[in-house]
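Data block below; observations after.
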Ligand code: SF4
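In my numbering, the protein residues as written are 31 to 103.
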């Protein structure tokens with residue numbers, strides 16, 4: 031079973047859209063085109079991990095929703 035993660039997009043997002051391409055169910059676009067997390071917690075899937083890795087400015091952070099342990103970066 032995959033872990034449940036508490037995911038955030040920080041203010042350094044430059045609206046590249048990569049995370050939304052990799053995980054469109056998880057990341058949406060606000061009116062200013064910056065990304066937001068549609069709903070926490072988020073299941074840790076390969077697509078979600080790829081989305082984290084794709085961010086060019088490391089704006090995405092994730093913690094284990096159960097333990098609070100830092101999962102990404
Ligand atoms: S990949 Fe990073 S910079 Fe690009 S939209 Fe997502 S959070 Fe923003």
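Even glycine gets a Cβ: it sits at the ideal position worked out from N, Cα and C.
- Apart from the 5 residues on each side of it in sequence, residue 99 sits with its Cβ closer than 8 Å to the Cβ of 93 in its chain, given in chain order.
- Per the coordinates, the alpha-carbon of residue 48 lies some 24 Å from the alpha-carbon of residue 95.
- Listed as beta-bridge partners of residue 91 by DSSP are 38.
- Taken from the Cβ of residue 89, at least one heavy atom of the ligand SF4 lies inside 6 Å.
- Here residue 34 has 71, 72, 73, 74, 94, 95 and 96 as same chain residues with Cβ atoms under 8 Å from its own Cβ, once five neighbours each way along the sequence are excluded.
- Across the structure, residue 39 and residue 88 are spaced so that their CA atoms are roughly 9 Å apart.
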